[in-house]
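**Student:**
Numbering (our numbering), first residue to last: 50 to 413.
#1: Start and end of the alpha helix (DSSP H) containing residue 221?
#2: On the CB-based measure, 16 or more other CB atoms within 10 Å of its CB, does residue 176 come out buried or exposed?
#3: Out of 222, 193, 337 and 210, which one is the CA nearest neighbour of residue 298?
#4: Report yes or no: do three or more beta-carbon pairs, one from the region 281 to 292 and one from the region 355 to 365, lie closer than 8 angstroms?
#5: Within 10 angstroms of its Cβ, does residue 193 collect 16 or more other Cβ (buried), or is it exposed?
#6: Work out the CA separation of residue 231 and residue 119 for me, nearest whole Å.
#7: If contacts are defined as beta-carbon pairs under 8 angstroms, then residue 159 and residue 178 qualify, I think. What distance do you get, rounded to the angstrom?
#8: Taking 6 angstroms as the limit between beta carbons, can you name the residues of its chain near residue 138, skipping five residues before and five after?
#9: Pick helix, strand or coil for residue 104, following the three-state DSSP scheme.
#10: Helix, strand or coil for residue 354? Go by DSSP, reduced to three states.
#11: In the DSSP output, what is residue 197 paired with across the bridge?
#12: Where do the N-terminal and C-terminal ends of the alpha helix (DSSP H) with residue 36 fall, by residue?
#13: Would you tell me roughly how many angstroms separate the C-alpha atoms of residue 198 and residue 251, rounded to the nearest one?
#14: Taking the Cβ atom as the reference point for each residue, do residue 188 and residue 150 lie within a distance shorter than 9 angstroms?
#15: From the DSSP output, in three-state form, read off residue 172 for me.
#16: Would DSSP call residue 266 helix, strand or coil?
#17: Compute the distance between the beta-carbons of residue 211 and residue 200, then report whether it is under 9 angstroms.
#18: Can you tell me the Cβ-Cβ gap for residue 315 and residue 276, rounded? I've got them flagged as a contact below 8 angstroms.
#19: Relative to the C-alpha of residue 284, which residue among 331, 346, 296 and 184 is closest?
#20: Counting only the same chain and skipping the five closest in sequence on each side, list residues whose C-beta sits under 7 angstroms from that of residue 170.
#21: For the beta strand (DSSP E) that residue 379 lies in, which residues bound it at each end?
#22: Mind reading off the beta-carbon distance from residue 318 to residue 306? Whole number of angstroms is fine, and I expect it under 8 angstroms.
#23: Please check the pair residue 392 and residue 262, which I expect to be a contact at CB under 8 angstroms, by giving their CB distance rounded to whole angstroms.
#24: Under DSSP, the alpha helix (DSSP H) around residue 255 begins and ends at which residues?
#25: Quick one: grab the DSSP three-state call for residue 114.
#26: With distances taken from CA atoms, which of 249, 161, 334 and 309 is nearest residue 234?
#27: Put residue 182 into one of helix, strand or coil per three-state DSSP.
#28: Pick from 364, 367 and 353: whose alpha carbon is nearest that of residue 382?
#29: Can you give me the start and stop residues for the beta strand (DSSP E) that residue 276 sits inside?
#30: Have a look at 247, 195 and 270 and flag the residue whose alpha-carbon is nearest the alpha-carbon of residue 167.
#31: In whole angstroms, give me the CA-to-CA distance for residue 302 and residue 152.
#32: Is residue 172 buried or exposed, if buried means 16 or more other CB atoms sit within 10 Å of its CB?
#33: Given this structure, state the Cα-to-Cα distance separating residue 351 from residue 191, to the nearest angstrom.
#34: Quick check on this structure: which residue in 104, 115, 384 and 368 has the alpha carbon closest to the alpha carbon of residue 245?
#35: Under the three-state reduction of DSSP, which class applies to residue 313: helix, strand or coil?
#36: How would you call residue 237, buried or exposed, if buried means at least 16 neighbouring beta carbons within 10 angstroms?
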């Protein structure tokens with residue numbers, strides 16, 4: 050309003066304006082108001098453009114300095130933009146990847162179904178979250194956690210994709226180490242008690258469904274305590290590692306070997322046709338374990354073993370009962386004061402192995 054009053058006073062100071070009368074004055078005022086509005090609108094638009102430019106500069110700086118890898122591709126997956134973090138992660142400079150497809154990063158060990166599922170999600174205009182096992186420029190493999198979002202134009206069509214990715218290789222390795230520590234014996238590399246019993250339970254269920262036999266061996270070393278007490282833990286650890294190695298060489302790849310504590314080991318033999326199959330393995334184990342062991346100080350020592358064998362479904366209905374039956378049979382061998390092996394049976398009691406059996410017939 051003040052601007053209009055000032056304009057009116059300025060116009061009135063000119064004699065020609067006074068002569069032309071009030072009509073011209075009204076027209077002049079209308080034009081002046083229009084000019085003022087246009088001027089203000091232009092100033093607002095310029096200010097808005099400056100703010101938008103400033104915002105874009107901030108966004109560009111944020112993307113360029115973001116620690117996460119950011120990639121923008123067209124609808125076909127051809128790369129149109131990468132930030133510096135992408136180059137640090139993959140070893141590729143912009144001029145080496147712009148215009149190329151993201152397939153150059155594929156590590157090659159993720160199935161086609163994985164990528165098919167990813168593309169189906171993106172084509173539904175949904176955000177995809179997952180992990181890639183990708184390959185860097187120097188050929189080394191690394192893990193990425195990624196979120197990929199489709200960019201949609203005003204017509205609702207997908208024009209581009211933007212991927213934000215983080216290198217999680219160290220995290221994956223740490224999780225794998227923790228999982229290994231939770232499931233395997235650190236000294237021998239065999240399954241620990243927890244892992245072995247989980248796998249045994251699975252084996253029992255498979256045998257139940259297929260109406261098959263499964264044999265469990267409970268193995269306790271004779272002479273280990275004397276070696277450990279006399280020659281130290283280094284010698285004892287060597288004996289345990291040698292034992293694990295020899296046990297693994299006595300069974301099939303499909304069988305399970307575990308160390309469940311101290312000098313106690315377990316073996317699960319899946320799908321045995323006859324009781325004698327387990328007896329033959331027990332004889333093979335005793336022969337292997339009785340071979341001399343050279344200790345770190347050069348001494349030569351020898352151990353023996355007591356082995357109890359239980360068979361599903363004859364001796365037990367679940368893995369806990371199976372383990373208890375094999376344990377009882379092993380202690381029966383121990384009470385005899387020498388190494389050897391025995392079967393356990395709920396119906397016939399504990400039965401000592403007779404190596405003169407021809408073909409090891411089923412002790413029913």
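Built from N, CA and C at the ideal position, the CB exists for glycine as well.
**Tutor:** Walking through what the data contain:
#1: What you label residue 221 is simply residue 172 of the chain shown in a count that begins at 1. Residues 218 to 232.
#2: Working through the chain shown from its first residue, we reach residue 176 at position 127. The residue in question, residue 176, is exposed, as its Cβ has fewer than 16 Cβ neighbours within 10 Å.
#3: The residue you call residue 298 lines up with position 249 of the chain shown. For residue 298, the nearest C-alpha among the options comes from 337.
#4: no
#5: The sequence position of residue 193 within the chain shown is 144, counting from 1. By the neighbour-count rule (16 or more Cβ atoms within 10 Å), residue 193 is buried.
#6: Residue 119 sits at position 70 when you count from the first residue of the chain shown. Residue 231 sits at position 182 when you count from the first residue of the chain shown. One C-alpha to the other measures close to 36 angstroms.
#7: Position 110 of the chain shown, counting from 1, holds the residue named residue 159. Position 129 of the chain shown, counting from 1, holds the residue named residue 178. Their Cβ separation, rounded to whole angstroms, is 15 angstroms, which puts residue 159 and residue 178 out of contact at 8 angstroms.
#8: Taking the first residue of the chain shown as position 1, residue 138 is located at position 89. Here the set comprises 118 and 216.
#9: Looking up residue 104 in the chain shown gives position 55. Correct three-state label for residue 104: helix.
#10: In the chain shown, counting from the first residue as 1, residue 354 sits at position 305. DSSP places residue 354 in strand when its eight states are reduced to three.
#11: For the purposes of this step, residue 197 is identified with residue 148 of the chain shown, where counting begins at 1. Paired residues: 177 and 212.
#12: Nothing can be reported for residue 36: it is not among the residues displayed for the chain, which extend from 50 to 413.
#13: What you label residue 198 is simply residue 149 of the chain shown in a count that begins at 1. What you label residue 251 is simply residue 202 of the chain shown in a count that begins at 1. Their Cα atoms are separated by approximately 41 angstroms.
#14: Taking the chain shown and counting its residues from 1, one reaches residue 188 at position 139. Taking the chain shown and counting its residues from 1, one reaches residue 150 at position 101. In this structure, residue 150 does not lie closer than 9 angstroms to residue 188 by Cβ.
#15: Within the chain shown, residue 172 is the residue found at index 123, counting from 1. It is helical.
#16: Position 217 of the chain shown, counted from the start, is the residue given in the question as residue 266. Reduced to three states, the DSSP call for residue 266 is strand.
#17: By 1-based counting over the chain shown, the position of residue 211 is 162. By 1-based counting over the chain shown, the position of residue 200 is 151. Contact flag set, yes.
#18: Stepping through the chain shown from its first residue, residue 315 is reached at position 266. Stepping through the chain shown from its first residue, residue 276 is reached at position 227. With a Cβ gap of about 21 angstroms, residue 315 and residue 276 do not count as contacting.
#19: The residue labelled residue 284 in the question sits at position 235 within the chain shown. Measuring from the Cα of residue 284, the nearest candidate turns out to be 346.
#20: For the purposes of this step, residue 170 is taken as residue 121 along the chain shown, with counting starting at 1. Closer than 7 angstroms at Cβ, skipping near neighbours: 177.
#21: Position 330 of the chain shown, counted from the first residue, corresponds to residue 379. Per DSSP, residue 379 belongs to no beta strand (DSSP E); it is in the alpha helix (DSSP H), 368 to 384.
#22: In the chain shown, the residue the question calls residue 318 occupies position 269. In the chain shown, the residue the question calls residue 306 occupies position 257. That belief does not hold up - the Cβ atoms of residue 318 and residue 306 are roughly 10 angstroms apart, past 8 angstroms.
#23: Numbered from its first residue, the chain shown carries residue 392 at position 343. Numbered from its first residue, the chain shown carries residue 262 at position 213. That pair is no contact at about 12 angstroms.
#24: Counting from one through the chain shown, the residue named residue 255 turns up at place 206. That run of the alpha helix (DSSP H) goes 242 to 259.
#25: Here residue 114 refers to the residue found at position 65 when the chain shown is read from its first residue. Residue 114: helix per DSSP, three-state reduction.
#26: Residue 234 sits at position 185 when you count from the first residue of the chain shown. Comparing Cα positions, the closest option is 309.
#27: The sequence position of residue 182 within the chain shown is 133, counting from 1. In this structure, residue 182 counts as strand in the three-state DSSP scheme.
#28: The residue given as residue 382 occupies position 333 in the chain shown. Selected option, being the one with the closest Cα: 353.
#29: Here residue 276 corresponds to residue number 227 of the chain shown, with the count starting at 1. Counting along the chain, residue 276 falls outside any beta strand (DSSP E), though it belongs to the alpha helix (DSSP H) covering 273 to 280.
#30: Start at 1 with the first residue of the chain shown, and residue 167 comes out as number 118. Minimum Cα distance to residue 167 is reached at 195.
#31: Along the chain shown, read from residue 1 onward, the residue named residue 302 stands at position 253. Along the chain shown, read from residue 1 onward, the residue named residue 152 stands at position 103. Roughly 37 angstroms separates the two Cα atoms.
#32: Reading the chain shown from its first residue, position 123 is the one you call residue 172. So residue 172 ends up on the exposed side.
#33: Locating residue 351 in the chain shown gives position 302, where the first residue counts as 1. Locating residue 191 in the chain shown gives position 142, where the first residue counts as 1. Those two C-alpha atoms are separated by around 46 angstroms.
#34: Looking up residue 245 in the chain shown gives position 196. That would be 368, whose Cα lies nearest to the Cα of residue 245.
#35: Residue mapping note: residue 313 aligns to position 264 of the chain shown, counting from 1. Here residue 313 sits in strand by DSSP.
#36: Translated into positions along the chain shown, residue 237 becomes position 188. Residue 237 comes out buried.
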